[in-house]
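Colleague: Here you go, one structure.
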Amino acid sequence: MKKMKRILIGILILCLMVFAAGCSKEANASNDPAKFAEANSGTWYRYGNTQEDKLIIYDDGTWEHYEDSETISAEGIIEYDKEDKKLDFVNVTERIYFPCFMYDDGALEFNFSRYFPEENSMDGFDEYFGSWYLDGDTSKEYLTINTFVESNVRWLYSVPLDETGQSVEQRSGELIWNGIKNVFIADDYPDEDFAVFTIKDTGVLSSNGKDYILVKYDDYYEDDFETEDDYDNDDLQVMGVNFYLNGDHESEVLCLYLEDNTFSITAPDWPDDILGTYSVDDNIVTLTVGENEFYYEVKDNSTKLVDEYGNEYVYIGEYDFETEADSSSQETDIIGGAFYYLNGDWESESLYFFTIDNTVDLDIPGQDTIEGAYSVSGNILTVTVGETEFYYEISEDGTKLVDEYGDEYLCDI
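Read in order, the letters of the sequence shown correspond to residues -20 to -1, 1 to 393 in mature numbering (1 follows the signal peptide of the UniProt record, and there is no 0).
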(Lines of atoms letter the chains of each structure in order from A and count residues from 1; the text may use other names and numbers.)
(Lines give C-alpha, C1' and ligand atoms only; values in the text may rest on other atoms or scores of the structure.)
Protein backbone atom coordinates (compact mmCIF):
# COMPACT_ATOMS: atom_id res chain seq x y z
CA MET A 1 0.00 0.00 0.00
CA LYS A 2 2.83 2.39 0.95
CA LYS A 3 4.63 1.53 -2.26
CA MET A 4 1.47 2.34 -4.24
CA LYS A 5 1.20 5.73 -2.47
CA ARG A 6 4.83 6.53 -3.32
CA ILE A 7 4.17 5.71 -6.96
CA LEU A 8 1.06 7.90 -7.02
CA ILE A 9 2.89 10.79 -5.33
CA GLY A 10 5.76 10.44 -7.82
CA ILE A 11 3.34 10.57 -10.77
CA LEU A 12 1.61 13.62 -9.24
CA ILE A 13 4.90 15.46 -8.79
CA LEU A 14 5.94 14.63 -12.35
CA CYS A 15 2.62 15.98 -13.70
CA LEU A 16 3.03 19.18 -11.69
CA MET A 17 6.56 19.64 -13.07
CA VAL A 18 5.37 19.18 -16.64
CA PHE A 19 2.46 21.59 -16.09
CA ALA A 20 4.74 24.20 -14.54
CA ALA A 21 7.19 23.87 -17.39
CA GLY A 22 4.39 24.32 -19.87
CA CYS A 23 3.10 27.44 -18.11
CA SER A 24 6.58 28.88 -17.91
CA LYS A 25 7.16 28.34 -21.63
CA GLU A 26 3.81 29.96 -22.49
CA ALA A 27 4.48 32.93 -20.22
CA ASN A 28 7.96 33.41 -21.65
CA ALA A 29 6.65 33.13 -25.19
CA SER A 30 4.04 35.80 -24.52
CA ASN A 31 6.77 38.15 -23.24
CA ASP A 32 9.52 37.23 -25.67
CA PRO A 33 9.24 38.79 -29.18
CA ALA A 34 11.53 36.15 -30.71
CA LYS A 35 9.54 33.23 -29.29
CA PHE A 36 6.25 34.86 -30.25
CA ALA A 37 7.47 35.38 -33.82
CA GLU A 38 8.77 31.83 -34.06
CA ALA A 39 5.48 30.39 -32.79
CA ASN A 40 3.31 32.56 -35.06
CA SER A 41 5.43 33.08 -38.18
CA GLY A 42 3.61 32.84 -41.49
CA THR A 43 0.92 34.64 -43.47
CA TRP A 44 -2.22 35.97 -41.79
CA TYR A 45 -5.33 37.48 -43.42
CA ARG A 46 -7.64 40.13 -42.04
CA TYR A 47 -11.08 38.72 -41.10
CA GLY A 48 -9.98 35.31 -42.41
CA ASN A 49 -10.51 36.52 -45.98
CA THR A 50 -7.63 36.08 -48.44
CA GLN A 51 -9.04 38.97 -50.48
CA GLU A 52 -8.45 41.28 -47.51
CA ASP A 53 -5.30 42.83 -45.97
CA LYS A 54 -2.33 40.49 -45.44
CA LEU A 55 0.15 40.32 -42.55
CA ILE A 56 3.40 38.33 -42.80
CA ILE A 57 5.36 37.54 -39.62
CA TYR A 58 8.94 36.32 -40.03
CA ASP A 59 10.96 34.10 -37.69
CA ASP A 60 13.38 36.92 -36.92
CA GLY A 61 10.61 39.06 -35.36
CA THR A 62 10.05 41.39 -38.31
CA TRP A 63 6.70 41.82 -40.06
CA GLU A 64 5.14 43.29 -43.21
CA HIS A 65 1.58 44.45 -43.82
CA TYR A 66 -0.01 44.55 -47.29
CA GLU A 67 -3.24 46.27 -48.32
CA ASP A 68 -2.96 44.52 -51.68
CA SER A 69 -0.96 41.53 -52.90
CA GLU A 70 2.17 43.48 -53.85
CA THR A 71 2.47 46.81 -52.00
CA ILE A 72 3.84 46.96 -48.46
CA SER A 73 1.72 49.45 -46.48
CA ALA A 74 3.65 49.10 -43.21
CA GLU A 75 6.56 47.11 -41.79
CA GLY A 76 8.47 46.83 -38.55
CA ILE A 77 9.43 44.66 -35.62
CA ILE A 78 7.81 43.06 -32.59
CA GLU A 79 8.86 44.64 -29.29
CA TYR A 80 8.12 44.00 -25.62
CA ASP A 81 6.72 46.94 -23.67
CA LYS A 82 8.19 46.57 -20.17
CA GLU A 83 6.01 49.28 -18.68
CA ASP A 84 2.69 47.83 -19.87
CA LYS A 85 4.02 44.26 -19.92
CA LYS A 86 2.80 43.45 -23.42
CA LEU A 87 4.01 42.91 -26.97
CA ASP A 88 3.56 45.48 -29.73
CA PHE A 89 3.82 45.49 -33.50
CA VAL A 90 6.01 48.56 -34.07
CA ASN A 91 6.05 50.46 -37.35
CA VAL A 92 9.72 51.43 -37.31
CA THR A 93 9.32 54.19 -39.90
CA GLU A 94 6.62 56.16 -38.09
CA ARG A 95 7.03 54.62 -34.61
CA ILE A 96 3.39 53.61 -34.50
CA TYR A 97 2.53 50.90 -32.00
CA PHE A 98 -0.17 48.26 -32.55
CA PRO A 99 -1.21 45.81 -29.79
CA CYS A 100 0.07 42.30 -30.42
CA PHE A 101 -1.77 39.40 -28.82
CA MET A 102 -3.68 36.21 -29.53
CA TYR A 103 -7.42 35.66 -28.98
CA ASP A 104 -8.73 32.49 -27.37
CA ASP A 105 -10.19 31.41 -30.71
CA GLY A 106 -6.77 31.51 -32.43
CA ALA A 107 -7.11 34.95 -34.03
CA LEU A 108 -4.23 37.44 -34.00
CA GLU A 109 -4.80 41.10 -33.13
CA PHE A 110 -3.24 43.67 -35.48
CA ASN A 111 -4.28 47.33 -35.78
CA PHE A 112 -7.65 46.70 -34.09
CA SER A 113 -8.59 43.88 -36.49
CA ARG A 114 -8.55 40.12 -36.21
CA TYR A 115 -6.27 38.12 -38.51
CA PHE A 116 -6.29 34.37 -39.16
CA PRO A 117 -3.63 31.99 -40.57
CA GLU A 118 -3.65 31.53 -44.33
CA GLU A 119 -4.55 27.86 -44.00
CA ASN A 120 -7.63 28.81 -41.93
CA SER A 121 -8.79 31.62 -44.24
CA MET A 122 -11.35 31.61 -47.04
CA ASP A 123 -10.84 32.88 -50.61
CA GLY A 124 -13.59 35.50 -50.50
CA PHE A 125 -17.13 35.29 -49.13
CA ASP A 126 -18.93 35.75 -52.46
CA GLU A 127 -20.87 32.48 -52.31
CA TYR A 128 -22.50 33.68 -49.09
CA PHE A 129 -23.61 37.06 -50.47
CA GLY A 130 -27.34 37.65 -50.16
CA SER A 131 -30.01 37.75 -47.47
CA TRP A 132 -30.46 34.92 -45.00
CA TYR A 133 -34.00 34.86 -43.61
CA LEU A 134 -35.07 33.12 -40.42
CA ASP A 135 -36.64 29.82 -41.49
CA GLY A 136 -36.57 31.14 -45.09
CA ASP A 137 -39.53 33.44 -44.33
CA THR A 138 -39.00 36.85 -46.01
CA SER A 139 -41.29 38.52 -43.46
CA LYS A 140 -38.99 37.63 -40.56
CA GLU A 141 -35.61 38.85 -39.34
CA TYR A 142 -32.71 38.41 -41.75
CA LEU A 143 -28.96 38.71 -42.15
CA THR A 144 -27.56 40.37 -45.27
CA ILE A 145 -23.97 39.65 -46.33
CA ASN A 146 -22.33 41.73 -49.04
CA THR A 147 -19.57 44.15 -49.98
CA PHE A 148 -21.17 47.31 -48.64
CA VAL A 149 -18.05 49.46 -48.26
CA GLU A 150 -15.16 49.20 -50.74
CA SER A 151 -13.65 45.71 -50.36
CA ASN A 152 -14.85 45.04 -46.81
CA VAL A 153 -17.49 42.33 -46.52
CA ARG A 154 -20.02 43.37 -43.90
CA TRP A 155 -23.14 41.97 -42.26
CA LEU A 156 -26.41 43.83 -41.82
CA TYR A 157 -28.95 42.36 -39.39
CA SER A 158 -32.55 43.55 -39.81
CA VAL A 159 -35.60 42.89 -37.64
CA PRO A 160 -39.06 43.96 -38.91
CA LEU A 161 -40.87 46.16 -36.38
CA ASP A 162 -44.34 46.13 -37.95
CA GLU A 163 -46.58 43.94 -40.07
CA THR A 164 -45.62 45.64 -43.35
CA GLY A 165 -41.92 44.86 -42.91
CA GLN A 166 -41.05 48.39 -44.02
CA SER A 167 -39.91 49.55 -40.59
CA VAL A 168 -36.88 47.66 -39.36
CA GLU A 169 -34.31 47.77 -36.60
CA GLN A 170 -30.82 47.25 -37.99
CA ARG A 171 -27.29 46.56 -36.77
CA SER A 172 -24.16 46.04 -38.85
CA GLY A 173 -20.45 45.32 -38.68
CA GLU A 174 -17.56 43.42 -40.21
CA LEU A 175 -17.95 39.77 -41.20
CA ILE A 176 -15.17 37.45 -40.02
CA TRP A 177 -14.43 33.86 -41.02
CA ASN A 178 -12.76 31.77 -38.33
CA GLY A 179 -11.48 28.78 -40.26
CA ILE A 180 -10.04 27.29 -37.06
CA LYS A 181 -13.54 26.76 -35.69
CA ASN A 182 -15.32 26.92 -39.10
CA VAL A 183 -17.74 29.68 -38.11
CA PHE A 184 -18.73 33.13 -39.35
CA ILE A 185 -18.51 35.87 -36.74
CA ALA A 186 -20.71 38.96 -36.92
CA ASP A 187 -18.20 41.38 -35.39
CA ASP A 188 -19.70 44.32 -33.49
CA TYR A 189 -16.52 46.21 -32.55
CA PRO A 190 -15.93 47.57 -29.94
CA ASP A 191 -18.71 45.51 -28.34
CA GLU A 192 -18.78 41.75 -28.03
CA ASP A 193 -19.48 39.66 -31.12
CA PHE A 194 -23.11 40.13 -32.19
CA ALA A 195 -23.55 36.52 -33.29
CA VAL A 196 -21.68 33.39 -34.40
CA PHE A 197 -23.00 31.42 -37.38
CA THR A 198 -22.13 27.85 -38.30
CA ILE A 199 -22.59 26.50 -41.83
CA LYS A 200 -25.28 23.91 -41.17
CA ASP A 201 -25.90 22.99 -44.80
CA THR A 202 -25.72 24.49 -48.28
CA GLY A 203 -27.70 27.71 -48.03
CA VAL A 204 -28.29 27.38 -44.29
CA LEU A 205 -26.55 29.28 -41.48
CA SER A 206 -27.33 28.45 -37.86
CA SER A 207 -26.97 30.56 -34.71
CA ASN A 208 -28.32 29.86 -31.21
CA GLY A 209 -30.64 27.15 -32.50
CA LYS A 210 -32.07 29.34 -35.28
CA ASP A 211 -31.71 28.51 -38.97
CA TYR A 212 -31.26 31.29 -41.53
CA ILE A 213 -31.88 30.27 -45.14
CA LEU A 214 -30.35 32.08 -48.12
CA VAL A 215 -32.88 33.70 -50.45
CA LYS A 216 -31.18 34.43 -53.76
CA TYR A 217 -31.77 37.85 -55.29
CA ASP A 218 -32.98 36.41 -58.62
CA ASP A 219 -35.57 34.23 -56.87
CA TYR A 220 -36.88 37.23 -54.95
CA TYR A 221 -37.19 39.47 -58.00
CA GLU A 222 -38.91 36.82 -60.11
CA ASP A 223 -41.77 36.64 -57.60
CA ASP A 224 -42.06 40.21 -56.34
CA PHE A 225 -40.82 42.65 -59.01
CA GLU A 226 -43.22 43.66 -61.72
CA THR A 227 -42.27 44.90 -65.18
CA GLU A 228 -44.08 47.89 -66.66
CA ASP A 229 -43.48 47.83 -70.41
CA ASP A 230 -44.82 51.37 -70.78
CA TYR A 231 -42.57 52.81 -68.06
CA ASP A 232 -40.84 55.99 -69.22
CA ASN A 233 -37.16 56.14 -68.24
CA ASP A 234 -37.26 59.91 -68.66
CA ASP A 235 -39.36 60.13 -65.49
CA LEU A 236 -36.31 59.11 -63.48
CA GLN A 237 -34.06 61.66 -65.15
CA VAL A 238 -36.13 64.72 -64.21
CA MET A 239 -36.70 64.01 -60.53
CA GLY A 240 -34.46 64.83 -57.57
CA VAL A 241 -31.59 62.58 -56.69
CA ASN A 242 -31.97 62.04 -52.94
CA PHE A 243 -34.06 59.15 -51.61
CA TYR A 244 -34.38 58.66 -47.84
CA LEU A 245 -35.11 55.34 -46.15
CA ASN A 246 -38.76 55.48 -45.05
CA GLY A 247 -38.73 59.19 -45.91
CA ASP A 248 -36.64 59.99 -42.82
CA HIS A 249 -34.13 62.82 -43.39
CA GLU A 250 -31.97 61.52 -40.52
CA SER A 251 -31.82 57.99 -41.87
CA GLU A 252 -29.99 56.24 -44.70
CA VAL A 253 -29.97 58.24 -47.95
CA LEU A 254 -29.47 57.03 -51.53
CA CYS A 255 -28.13 59.76 -53.83
CA LEU A 256 -28.30 59.33 -57.62
CA TYR A 257 -25.97 61.64 -59.54
CA LEU A 258 -27.70 62.17 -62.87
CA GLU A 259 -24.78 63.75 -64.70
CA ASP A 260 -22.58 60.61 -64.65
CA ASN A 261 -24.91 57.80 -63.51
CA THR A 262 -23.05 57.25 -60.25
CA PHE A 263 -24.55 56.95 -56.77
CA SER A 264 -23.69 57.01 -53.09
CA ILE A 265 -25.46 55.58 -50.05
CA THR A 266 -24.84 57.22 -46.69
CA ALA A 267 -26.03 56.17 -43.24
CA PRO A 268 -25.37 57.83 -39.85
CA ASP A 269 -23.67 54.76 -38.33
CA TRP A 270 -21.59 53.74 -41.36
CA PRO A 271 -17.87 54.62 -41.39
CA ASP A 272 -17.82 55.19 -45.18
CA ASP A 273 -20.23 55.82 -48.03
CA ILE A 274 -21.11 53.09 -50.51
CA LEU A 275 -20.13 54.25 -54.01
CA GLY A 276 -20.93 52.83 -57.43
CA THR A 277 -22.82 53.28 -60.70
CA TYR A 278 -26.46 52.82 -61.63
CA SER A 279 -28.58 52.05 -64.67
CA VAL A 280 -32.31 52.03 -65.44
CA ASP A 281 -34.18 49.31 -67.37
CA ASP A 282 -37.96 49.62 -67.53
CA ASN A 283 -38.98 50.17 -63.90
CA ILE A 284 -35.89 48.60 -62.33
CA VAL A 285 -32.90 50.62 -61.10
CA THR A 286 -29.71 48.55 -60.83
CA LEU A 287 -26.97 49.74 -58.48
CA THR A 288 -23.54 48.27 -59.19
CA VAL A 289 -20.74 48.09 -56.59
CA GLY A 290 -17.72 46.28 -57.99
CA GLU A 291 -19.05 42.92 -59.19
CA ASN A 292 -22.20 43.10 -57.06
CA GLU A 293 -25.61 44.35 -58.18
CA PHE A 294 -28.58 45.57 -56.15
CA TYR A 295 -32.06 46.11 -57.58
CA TYR A 296 -34.77 48.66 -56.83
CA GLU A 297 -38.27 48.91 -58.26
CA VAL A 298 -39.40 52.42 -59.25
CA LYS A 299 -42.87 53.33 -57.99
CA ASP A 300 -45.26 56.25 -57.45
CA ASN A 301 -44.23 58.35 -60.43
CA SER A 302 -40.53 57.90 -59.73
CA THR A 303 -40.75 59.28 -56.19
CA LYS A 304 -40.13 55.94 -54.47
CA LEU A 305 -37.54 53.16 -54.83
CA VAL A 306 -38.22 49.77 -53.24
CA ASP A 307 -35.34 47.35 -52.75
CA GLU A 308 -35.48 43.56 -52.88
CA TYR A 309 -36.15 43.39 -49.12
CA GLY A 310 -39.18 45.69 -49.29
CA ASN A 311 -37.39 48.75 -47.87
CA GLU A 312 -38.71 52.01 -49.32
CA TYR A 313 -36.52 54.98 -50.27
CA VAL A 314 -38.64 58.08 -50.68
CA TYR A 315 -37.87 61.29 -52.56
CA ILE A 316 -39.07 64.11 -50.31
CA GLY A 317 -37.96 67.14 -52.27
CA GLU A 318 -35.03 69.50 -52.02
CA TYR A 319 -34.76 72.76 -50.15
CA ASP A 320 -36.34 75.59 -52.14
CA PHE A 321 -33.20 77.68 -52.59
CA GLU A 322 -34.57 79.70 -55.52
CA THR A 323 -37.40 81.10 -53.41
CA GLU A 324 -35.04 81.91 -50.57
CA ALA A 325 -32.58 83.59 -52.93
CA ASP A 326 -35.27 85.72 -54.57
CA SER A 327 -36.53 86.91 -51.19
CA SER A 328 -33.13 88.28 -50.25
CA SER A 329 -31.85 91.24 -52.24
CA GLN A 330 -28.88 91.77 -49.96
CA GLU A 331 -25.88 89.48 -50.39
CA THR A 332 -24.69 87.76 -47.23
CA ASP A 333 -21.07 86.62 -47.28
CA ILE A 334 -19.49 83.74 -45.42
CA ILE A 335 -16.64 84.15 -42.93
CA GLY A 336 -13.25 83.23 -44.33
CA GLY A 337 -10.45 81.68 -42.33
CA ALA A 338 -12.88 79.94 -40.00
CA PHE A 339 -14.35 76.46 -39.68
CA TYR A 340 -18.04 75.67 -40.06
CA TYR A 341 -18.74 72.46 -38.11
CA LEU A 342 -21.72 70.18 -38.67
CA ASN A 343 -24.09 70.88 -35.76
CA GLY A 344 -21.26 72.86 -34.16
CA ASP A 345 -19.40 69.64 -33.28
CA TRP A 346 -15.63 70.13 -33.53
CA GLU A 347 -15.09 66.39 -34.07
CA SER A 348 -17.56 66.21 -36.94
CA GLU A 349 -17.61 67.17 -40.62
CA SER A 350 -16.40 70.72 -41.37
CA LEU A 351 -16.09 73.36 -44.11
CA TYR A 352 -13.18 75.83 -44.30
CA PHE A 353 -13.27 78.75 -46.74
CA PHE A 354 -10.28 80.53 -48.31
CA THR A 355 -11.61 83.94 -49.34
CA ILE A 356 -8.39 84.91 -51.13
CA ASP A 357 -9.11 82.52 -54.02
CA ASN A 358 -12.71 81.40 -53.28
CA THR A 359 -11.78 77.80 -52.56
CA VAL A 360 -13.09 75.50 -49.84
CA ASP A 361 -11.93 72.38 -48.00
CA LEU A 362 -14.44 69.78 -46.84
CA ASP A 363 -13.09 67.58 -44.04
CA ILE A 364 -14.83 64.37 -43.01
CA PRO A 365 -13.23 62.40 -40.12
CA GLY A 366 -11.34 59.38 -41.42
CA GLN A 367 -11.33 60.53 -45.05
CA ASP A 368 -9.11 62.63 -47.29
CA THR A 369 -9.86 66.35 -47.54
CA ILE A 370 -12.16 67.25 -50.45
CA GLU A 371 -11.20 70.45 -52.24
CA GLY A 372 -13.56 72.66 -54.23
CA ALA A 373 -14.55 76.19 -55.18
CA TYR A 374 -17.38 78.37 -53.91
CA SER A 375 -19.48 81.37 -54.88
CA VAL A 376 -22.16 83.45 -53.17
CA SER A 377 -25.34 84.83 -54.73
CA GLY A 378 -27.72 86.64 -52.41
CA ASN A 379 -27.88 84.42 -49.35
CA ILE A 380 -27.10 81.23 -51.25
CA LEU A 381 -23.67 79.61 -51.11
CA THR A 382 -22.73 77.26 -53.97
CA VAL A 383 -19.89 74.78 -53.41
CA THR A 384 -18.55 73.12 -56.57
CA VAL A 385 -16.58 69.87 -56.48
CA GLY A 386 -15.72 68.73 -59.98
CA GLU A 387 -19.01 68.85 -61.90
CA THR A 388 -21.19 68.52 -58.80
CA GLU A 389 -22.71 71.50 -57.00
CA PHE A 390 -23.93 71.71 -53.40
CA TYR A 391 -26.09 74.52 -52.05
CA TYR A 392 -26.25 76.17 -48.63
CA GLU A 393 -28.41 78.96 -47.25
CA ILE A 394 -26.39 81.60 -45.36
CA SER A 395 -28.02 82.98 -42.21
CA GLU A 396 -27.32 84.69 -38.89
CA ASP A 397 -24.81 87.16 -40.34
CA GLY A 398 -22.83 84.46 -42.07
CA THR A 399 -22.32 82.27 -38.99
CA LYS A 400 -24.71 79.49 -40.04
CA LEU A 401 -24.97 77.44 -43.23
CA VAL A 402 -27.97 75.18 -43.92
CA ASP A 403 -27.67 72.61 -46.71
CA GLU A 404 -30.48 71.29 -48.91
CA TYR A 405 -31.19 68.48 -46.42
CA GLY A 406 -31.60 70.82 -43.46
CA ASP A 407 -28.22 70.05 -41.88
CA GLU A 408 -26.65 73.04 -40.11
CA TYR A 409 -22.98 74.05 -40.21
CA LEU A 410 -22.04 76.53 -37.45
CA CYS A 411 -19.04 78.88 -37.55
CA ASP A 412 -16.57 78.38 -34.70
CA ILE A 413 -15.82 82.08 -34.09
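Heads up, the beta-carbon is just placed ideally off N, CA and C, and yes, glycines get one too.
For clarity, every value in this text was computed on a predicted model and none was experimentally measured.
Per DSSP, which residues does Q150 bridge with? Please list them.
Modeller: Note: Q150 sits in a beta bridge opposite S138.
Colleague: Within a Cβ cutoff of 6 Å, which residues of the same chain sit near T178, ignoring the five residues on either side of it in sequence?
Modeller: If we look at T178 and ignore the five residues flanking it on each side, its Cβ neighbours are V163, S186.
Colleague: Would you kindly check if the distance between the Cβ of N222 and the Cβ of V233 is under 8 Å?
Modeller: The answer is yes: Cβ separation under 8 Å.
Colleague: Measure how close the beta-carbons of I314 and L361 come, nearest whole angstrom, since I'm counting them as under 8 Å.
Modeller: With a Cβ gap of about 6 Å, I314 and L361 count as contacting.
Colleague: Within the continuous beta strand (DSSP E) that includes K65, where are the two ends?
Modeller: Segment: none, K65 is in no beta strand (DSSP E) and carries neither H nor E.
Colleague: For D181, tell me which candidate among F90, Y192, F274 has the shortest Cα-Cα distance.
Modeller: Per the Cα distances, Y192.
Colleague: If I follow the unbroken beta strand (DSSP E) through residue 395, where does it start and stop?
Modeller: Outside the shown range of the chain, which is -20 to 393, sits residue 395, and nothing can be said about it.
Colleague: What first and last residue would you give for the alpha helix (DSSP H) that runs through P13?
Modeller: 13 to 20 is the span of the alpha helix (DSSP H), which, as asked, contains P13.
Colleague: Quick one: what's got a C-beta closer than 6 Å to E32's C-beta in the same chain, skipping five residues either side?
Modeller: The residues are Y25, R26.
Colleague: Using CA atoms only, rank isn't needed, just tell me which of S21, E292, L267 is closest to S244.
Modeller: Measuring from the Cα of S244, the nearest candidate turns out to be L267.
Colleague: Within the same chain, show all residues whose beta-carbon is closer than 8 Å to that of G153, passing over the 5 residues directly before and after it, in chain order.
Modeller: Excluding positions up to five away in sequence, the list reads R134, W135, A166, D167, D168, Y169, F174.
Colleague: What residue from L194, Y289, L88, S49 has the CA that sits closest to A157's CA?
Modeller: Per the sequence shown, residue 157 should be read as Trp rather than Ala. The shortest C-alpha separation from W157 is found at L88.
Colleague: Identify which residue in D61, K62, H45 has its Cα closest to the Cα of A54.
Modeller: It is H45 whose Cα lies nearest to the Cα of A54.
Colleague: Got a sec? Which residues, its chain only, sit under 7 Å from G2 by beta carbon, not counting five neighbours each side?
Modeller: The pLDDT assigned to G2 is 40, lower than 50, so where the model puts this residue is not dependable, and the model offers no usable value.
Colleague: How many angstroms separate the CA atom of G358 from the CA atom of N291?
Modeller: Spanning the two alpha carbons is a distance of roughly 39 Å.
Colleague: Can you check which of these residues, R75, T73, L285, is closest to L236 by C-alpha distance?
Modeller: Of the listed residues, the one whose Cα sits closest to L236 is L285.
Colleague: Between which two residues does the beta strand (DSSP E) carrying D383 extend?
Modeller: Segment 380 to 383, the beta strand (DSSP E) holding D383.
Colleague: Pick out whichever of W250, Y321, G56 has its Cα sitting closest to the Cα of V72.
Modeller: Of the candidates W250, Y321, G56, the one whose C-alpha sits nearest the C-alpha of V72 is G56.
Colleague: Just reading off the beta strand (DSSP E) that T51 is part of, what are its end residues?
Modeller: Per DSSP, T51 belongs to no beta strand (DSSP E) and is neither H nor E.
Colleague: Just to confirm the assignment, what range does the beta strand (DSSP E) spanning S231 have?
Modeller: Neither: S231 is in no beta strand (DSSP E) and is coded neither H nor E.
Colleague: How would you call F69, buried or exposed, if buried means at least 16 neighbouring beta carbons within 10 angstroms?
Modeller: The residue in question, F69, is buried, as its Cβ has 16 or more Cβ neighbours within 10 Å.
Colleague: Between the beta-carbon of Y289 and the beta-carbon of L381, is there less than 8 Å?
Modeller: In this structure, L381 does not lie closer than 8 Å to Y289 by Cβ.
Colleague: Suppose contacts are defined by Cβ-Cβ distances below 8 Å. Is Y77 in contact with P13 by that definition?
Modeller: Cβ atoms of Y77 and P13: not closer than 8 Å.
Colleague: Name the two residues that bound the continuous beta strand (DSSP E) containing T182.
Modeller: T182 -> no beta strand (DSSP E), and no H or E assigned at all.
Colleague: Beta-carbon within less than 8 Å of E98's beta-carbon, same chain only, minus the 5 sequence neighbours each way: which residues are those?
Modeller: Excluding residues within five positions, the ones whose Cβ falls inside 8 Å are G22, T23, W24, Y25, T30.
Colleague: Could you name the residues of the same chain whose beta carbon sits closer than 6 Å to that of F370, not counting the 5 residues immediately before and after it, in chain order?
Modeller: For F370, where only same-chain residues beyond five positions count, the Cβ hits under 6 Å are V363.
Colleague: Please give the ranges of any beta strand (DSSP E) in the stretch 336 to 382, keeping only runs that are unbroken, at least 3 residues long and fully inside the region.
Modeller: The stretch 336 to 382 contains these whole beta strand (DSSP E) runs: 339 to 343, 350 to 357, 360 to 365, 368 to 375.
Colleague: Between which two residues does the beta strand (DSSP E) harbouring K279 extend?
Modeller: Its beta strand (DSSP E) spans residues 272 to 279.
Colleague: If you draw a straight line from the alpha carbon of G28 to that of N281, how long is it in whole angstroms?
Modeller: Each residue's alpha carbon lies about 45 Å from the other.
Colleague: Assuming N323 contacts E384 under a Cβ cut-off of 8 Å, what Cβ separation, rounded to an integer in Å, is found between them?
Modeller: Not quite, the Cβ-Cβ distance comes to about 16 Å (not below 8 Å), so this is no contact.
Colleague: How long is the line joining the alpha carbons of I52 and Y276, rounded to whole angstroms?
Modeller: Their backbone Cα atoms lie some 40 Å apart in a straight line.
Colleague: Measuring straight from C-alpha to C-alpha, what distance separates E367 and G352?
Modeller: Taking the straight line joining both Cα atoms gives about 10 Å.
Colleague: For D377, count the other beta carbons within 10 Å of its own beta carbon; 16 or more makes it buried, fewer makes it exposed. Which is it?
Modeller: Exposed.
Colleague: Is it buried or exposed for Y372, if we count other Cβ within 10 angstroms and need 16 for buried?
Modeller: Classification for Y372: buried.
Colleague: Could you compute how far the alpha carbon of T379 sits from the alpha carbon of A17?
Modeller: When rounded, the distance between both Cα atoms is 56 Å.
Colleague: Closest to D343 by C-alpha separation, out of I264, Y354, E327, would be which residue?
Modeller: For the residues I264, Y354, E327, the minimum Cα distance to D343 belongs to E327.
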